[in-house]
Ligand SMILES: Cc1cc2nc3c(=O)[nH]c(=O)nc-3n(C[C@H](O)[C@H](O)[C@H](O)COP(=O)(O)OP(=O)(O)OC[C@H]3O[C@@H](n4cnc5c(N)ncnc54)[C@H](O)[C@@H]3O)c2cc1C
Ligand SMILES: Nc1ncnc2c1ncn2[C@@H]1O[C@H](COP(=O)(O)O)[C@@H](O)[C@H]1O
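Protein chains in written order, with the numbering used here: chain A, 9 to 326; chain B, 555 to 826.
If you want it as structure tokens, here you go:
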């Protein structure tokens, strides 16, 4: 067993940025003389050779699939065939919606060492050790893989920094066996704006989370946001409950607060999927009754306290 | 016609907690338990399918919703919650050897239950709120050899149908419509429906319903199939990370709010 196999992600003709983050994650695991090969699966994989020709990539494996987009069975059989031929000691995939669909099945079927949502991976005395979160990200959990010569890790996004310089890796065509697929991908549906605001353009956001408790409390925070000149955003449960439109949801499956400079999170615990949309903001203020809430891990300022009391007092200043 | 719903009782940390002596988990006395949030949605989805008005002739067979959880006695409380919210039957699998199982070993047990129950569809949650493996459901499908899909929303499935159509919820709010052959394992996403509250009457009725408890032997499994031996990873160490802590704003509520107002005004001054 030798070498690191990275599975790139593409969607609708674009390489997903996390693909290159995986290349960086691979560097820390590479043993002397080991190569990093990146496989890309698509109906026209050649188009990704350019974007994947980055420092740290030794080889690009192009795998032509029948469908243009991700398909569970296709990925499982093609990546399985790659593992059989290449015998890598580590396989890296993104901890993403696509990988949720097949990585665990592959690991279970092949008996690979396996860990998901990994944000740190290193060798300690030659043994691969991966770190992930536990109990709602309040503790770190170190896992190892006794007796497993091949380990599949699903790596958290936005942790490793993508390489910036280019390279000229060798390109190899990999012929995956024609697999039978039991599902058919149809069209993509874009979340319609359906609302007045563009969260991605807002510079100042006040976000409410499940801490607000009930729908009847929404108007007072809407009023507060107006008074302080912020755009009102929310975490997922608020949008799922229909208390605010989906277009105001910040996070992995919602919007990224791309232009935001000041982000006030009230009653938000700081789940990684929420952080995915806002943790880059330079000034984050978190208000939460739970001093251990993970939102305090990314916030610049923290107030351990009740959002209703803080909101009421804050209102008197505007 | 049957839908099997895998449900997990998750654990949250109590305010002050202690680690176990071996440093590999939290002392169980400091854990607050509840049904995984995702499972509320997958159970509701199954119950909705059960309650959907019957299609025109030929009359379909009635739908039975069975919930299953792998865990010790305390899990009965969560199973009763499911019974109160519309599940017809509850199963629990436990054996001391299951202790220390990762999501793959749990999946092996769930697959054995599915083989025994032979459902037409199996639902799991996308992930658990405590350990966030996001892998148990899909690994179960692998052991069954069934078609599978993750992060499912907008499901349209008629009981007993040969295929189902749903939308995979991708990053950035993008949806991908997919048709899948059944029986299948689907991991259900938050927000797919609006989970109901259990009525007092149904809570009372659920308290009287039996929960069937199965052992590994009942499922044709042995201790090597579960625990560390049956897992693909092992916890070495659990610890409280030294997070880059936020600068805490001190004082009483009025002082804290005043400081926050200052931060906002500074920002607006700078932005203006
Ligand atoms: C594939 C996938 C995609 C997802 N996408 C997103 C996404 O885009 N955006 C998103 O937000 N989530 C997303 N989630 C869900 C995410 O995992 C969490 O469930 C969610 O972010 C939790 O929202 P919350 O912090 O508001 O609620 P909770 O986690 O319930 O936190 C509520 C917080 O409020 C605090 N609180 C309670 N009362 C008060 C009070 N009176 N004063 C102060 N604090 C109080 C509590 O201490 C707690 O910390 C996604 C999940 C998955 C699996
Ligand atoms: N012990 C368990 N018993 C039954 N179902 C489980 C168990 N653990 C996980 N699951 C299922 O897997 C889903 C996702 O959990 P996980 O993969 O552990 O993050 C849960 O929502 C359940 O449907």
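Backbone N, C-alpha and C define an ideal beta-carbon position, used for all residues, glycine too.
For this session: Leaving out five residues on either side along the sequence, give the residues of the same chain with a beta carbon under 6 Å from the beta carbon of residue 23(A).
Result: 56, 59
Exercise. Just reading off the beta strand (DSSP E) that residue 67(A) is part of, what are its end residues?
Worked result: 67-72
Exercise. Does the pairing of the stretch 785-803 of chain B with the stretch 301-312 of chain A give three or more beta-carbon distances under 8 Å?
Worked result: Three or more beta-carbon pairs drawn from the stretch 785-803 of chain B and the stretch 301-312 of chain A are found closer than 8 Å, and the two stretches are therefore classed as touching.
Exercise. Are residue 729(B) and residue 246(A) close, meaning C-beta to C-beta below 7 Å?
Worked result: no
For this session: Can you give me, in chain order, the residues of the stretch 94-119 of chain A that have a beta carbon less than 9 Å from any beta carbon in chain B?
Result: 103, 104, 105, 106, 107, 108, 109, 110, 111, 112, 113, 114, 115, 116, 117, 119
Exercise. Could one say the Cβ of residue 593(B) lies closer than 7 Å to chain D's Cβ atoms, at least one of them?
Worked result: Of the chains in the structure shown, none is chain D; the protein chains are A and B.
For this session: Specify the secondary structure class of residue 80(A) as computed by DSSP and reduced to three states.
Result: helix
Exercise. Roughly how many angstroms separate the alpha carbons of residue 813(B) and residue 75(A), rounded to a whole number?
Worked result: Linking residue 813(B) to residue 75(A) through their CA atoms gives a straight-line distance of about 55 Å.
For this session: Report yes if the C-beta distance between residue 284(A) and residue 250(A) is below 7 Å; otherwise report no.
Result: Going by C-beta atoms, residue 284(A) is not nearer than 7 Å to residue 250(A).
Exercise. Any chance the CB of residue 690(B) is under 6 Å from a heavy atom of ligand 2?
Worked result: yes
For this session: Decide if the stretch 698-707 of chain B is in contact with the stretch 739-759 of chain B; the criterion is three or more beta carbon pairs, one per stretch, under 8 Å apart.
Result: yes
Exercise. Straight-line CA distance for residue 763(B) to residue 634(B)?
Worked result: A direct Cα-Cα distance of roughly 8 Å separates residue 763(B) from residue 634(B).
For this session: Would you check if the distance between the CB atom of residue 114(A) and the CB atom of residue 14(A) is smaller than 7 Å?
Result: Not closer than 7 Å, so no.
Problem set entry | Residues near residue 666(B) in its chain [Cβ-Cβ closer than 6 Å; skip 5 each side] | Closer than 6 Å at Cβ, skipping near neighbours: 773, 775.
For this session: Pick out the complete alpha helix (DSSP H) segments inside the stretch 631-704 of chain B, 4 residues or longer, and give them in chain order.
Result: 657-671, 690-698
Exercise. Considering only the beta carbon of each residue, do residue 647(B) and residue 619(B) sit closer than 7 Å?
Worked result: Cβ distance not < 7 Å, so residue 647(B) and residue 619(B) don't count as in contact.
For this session: Please confirm whether any heavy atom of ligand 2 lies closer than 6 Å to the CB of residue 626(B).
Result: no
For this session: Measuring only between beta-carbons, confirm whether residue 809(B) sits less than 7 Å from chain A.
Result: no
Exercise. Where does residue 132(A) land, buried or exposed, given buried means 16+ other C-beta within 10 angstroms?
Worked result: It counts as exposed.
For this session: Rounded to whole angstroms, what's the CA-CA distance from residue 642(B) to residue 725(B)? Just pull it up for me.
Result: When rounded, the distance between both Cα atoms is 35 Å.
Problem set entry | Touch test, the stretch 292-299 of chain A against the stretch 309-322 of chain A, Cβ-Cβ under 8 Å, three pairs minimum | yes
Exercise. Just the Cα atoms here: how many angstroms apart are residue 675(B) and residue 638(B)?
Worked result: 21 Å
For this session: Could you list which residues in chain A have their beta carbon closer than 8 Å to that of residue 789(B), in chain order?
Result: 149, 150, 151
Exercise. Nearest CA to the CA of residue 51(A): which residue from 289(A), 181(A), 324(A)?
Worked result: 181(A)
Problem set entry | Where residue 309(A) falls, given that 16 or more other Cβ within 10 Å makes a residue buried | buried
For this session: Check the DSSP bridge columns for residue 589(B) and list the partner residues they point to.
Result: 563(B), per the DSSP bridge assignment.
Problem set entry | residue 749(B) versus residue 273(A) - alpha carbon distance | 26 Å
For this session: Look at the alpha carbon of residue 331(A) and the alpha carbon of residue 164(A), and state the distance between them as a whole number of angstroms.
Result: Outside the shown range of chain A (9 to 326) lies residue 331(A), about which nothing can therefore be said.
Exercise. Quick one: what does DSSP say residue 35(A) is sitting in, helix, strand or coil?
Worked result: helix
Problem set entry | 7 Å Cβ cutoff met for residue 87(A) and residue 65(A) | no
Exercise. Would the C-beta of residue 679(B) count as close to ligand 2, meaning under 6 Å from any of its heavy atoms?
Worked result: yes
Exercise. Would the beta-carbon of residue 216(A) fall within 7 Å of that of residue 242(A)?
Worked result: Yes, the Cβ-Cβ distance between residue 216(A) and residue 242(A) is below 7 Å.
For this session: Throw me the rounded Cβ distance for the residue 36(A) and residue 130(A) pair, which I believe falls under 8 Å.
Result: 6 Å
Problem set entry | Delimiting residues of the alpha helix (DSSP H) encompassing residue 316(A) | 315-323
Exercise. Given a threshold of 16 other Cβ atoms within 10 Å of its Cβ, counted over all protein chains shown, does residue 755(B) qualify as buried or as exposed?
Worked result: exposed
Problem set entry | Proximal residues of chain B, C-beta to C-beta of residue 241(A) below 9 Å | Those within 9 Å of residue 241(A) in chain B number zero; the least Cβ separation is about 14 Å.
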